[in-house]
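See below for the structure under consideration.
2 protein chains.
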Amino acid sequence: MAGKRNPSTFLIRQKSFLKLSILTYIEKKRYYAYELIEKFKEDYSEFGYKPVSTEIYKALNELVEQGILRRQKRKQSETDQYKEVVVYSFQDWEAAQSYKKQLKEVLINSEKMIKRALKINFK
Amino acid sequence: MAGKRNPSTFLIRQKSFLKLSILTYIEKKRYYAYELIEKFKEDYSEFGYKPVSTEIYKALNELVEQGILRRQKRKQSETDQYKEVVVYSFQDWEAAQSYKKQLKEVLINSEKMIKRALKINFK
């Protein structure tokens, strides 16, 4: 696995991390983009990480362009016919699972590399 | 700690990782830049990570600009008087230890965040 990656590759990239997480969140239910922003805050703000919304939109766009997610417009409510919101769901479940499997290896590799760095610098 | 950092901060940045590692390497001996490149290869290539030399030079420059490291010119050998090489050593040991302490927290935080991501995405 490691050999196939770009030789200068550092830890998992933020974009890949966001795409992976979005796929997992959407396995549970269809999400609006603003709900996804909240999910990231809930799960990762204790580590000082709150992704900016533009980064999340970029990750969503890439997943749609790759044919993994689909974007659907919905009326926000019955009473407000003119307000539309965009909801995300799976377009290609197999491709999503394959992407997640690949990213699992990258995450595990990142964890091992950080452990090595802690050992080397602070043993 | 986490609260003081930029709210969008992701995992430890490559530049910080390189600076931290360089300081640790230089604790053992004075290094030439090309030897540092080899050290990174030895320690991290199994994770698919080989930093490009320009990134290492940028990290070295920053450490010199911050007054943490000093750069000294040396004759490469007694027999070749005209060939000079640059060697790095500590300018401010206290500042180096303080930087390392700060980065230790960032590394530990990154490790915890990756563990959380593995749990959330692959439980």
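If you're matching them up, the sequences are chains A and B in order.
Position in the first sequence (first residue = 1) + 807 = the numbering used here.
Position in the second sequence (first residue = 1) + 807 = the numbering used here.
Don't be surprised by glycine CBs; every beta carbon is placed ideally from N, CA and C.
Hey, how far is the Cα of A:Ile830 from the Cα of B:Lys926?
First, the amino acid is wrong: residue 830 of chain A is Leu here, not Ile. Cα-Cα distance, rounded: 14 Å.
Can you tell me whether DSSP reads B:Arg881 as helix, strand or coil?
In this structure, B:Arg881 counts as strand in the three-state DSSP scheme.
Under 8 Å by Cβ, that's how I've got A:Ala840 and A:Ile863 pegged, so tell me the actual separation to the nearest angstrom.
That pair is a contact at about 7 Å.
Among B:Val859, B:Ala924, B:Glu849 and B:Leu867, which one has its Cα closest to the Cα of B:Tyr895?
When each option's Cα is compared against that of B:Tyr895, the closest is B:Leu867.
Can you tell me whether A:Thr816 is buried or exposed, with buried defined as 16 or more other CB within 10 angstroms of its CB?
So A:Thr816 ends up on the buried side.
Can you pull out the residues from the segment 915 to 929 of chain A whose beta carbon lies closer than 8 Å to at least one beta carbon of chain B?
Listed in sequence order: Ile915, Asn916, Ser917, Glu918, Lys919, Met920, Ile921, Lys922, Arg923, Ala924, Leu925, Ile927, Asn928 and Phe929.
Start and end residues, alpha helix (DSSP H) containing B:Tyr889
Unbroken run through B:Tyr889: none, as it is neither H nor E.
Among B:Met920, B:Glu842, B:Leu910 and B:Lys919, the one whose alpha carbon lies nearest that of A:Phe939:
With chain A represented from 808 up to 930, any question about residue 939 of chain A goes unanswered, as that position is not in the structure.
Grab the span of the alpha helix (DSSP H) containing B:Ser917 for me, first residue to last.
Counting along the chain, the alpha helix (DSSP H) containing B:Ser917 begins and ends at Trp900 to Phe929.
With H, G and I counted as helix, E and B as strand and the rest as coil, what does DSSP make of A:Leu876?
Three-state result, A:Leu876: strand.
Ends of the alpha helix (DSSP H) at A:Glu853?
Neither: A:Glu853 is in no alpha helix (DSSP H) and is coded neither H nor E.
Buried or exposed: A:Glu834, going by 16 or more other Cβ atoms within 10 Å of its Cβ?
Flag for A:Glu834 reads exposed.
Taking the beta carbon of B:Pro814 as the centre, do at least 16 other beta carbons fall within 10 Å, making it buried, or is it exposed?
With a pLDDT of 46 at B:Pro814, under the threshold of 50, the modelled position of this residue cannot be trusted, and the question is left open.
Distance, Cα to Cα, A:Arg878 vs A:Gln821?
Rounded to whole angstroms, A:Arg878 to A:Gln821 spans 22 Å at the Cα level.
Who are the neighbours of A:Leu818 on chain B, taking C-beta pairs under 7 Å?
Correct list: Leu818.
Quick one: Cα of A:Tyr856 to Cα of B:Ser905, how far?
Rounded to the nearest angstrom, the two C-alpha atoms are 23 Å apart.
Specify the secondary structure class of B:Phe824 as computed by DSSP and reduced to three states.
B:Phe824 carries a helical assignment under DSSP once its states are collapsed to helix, strand and coil.
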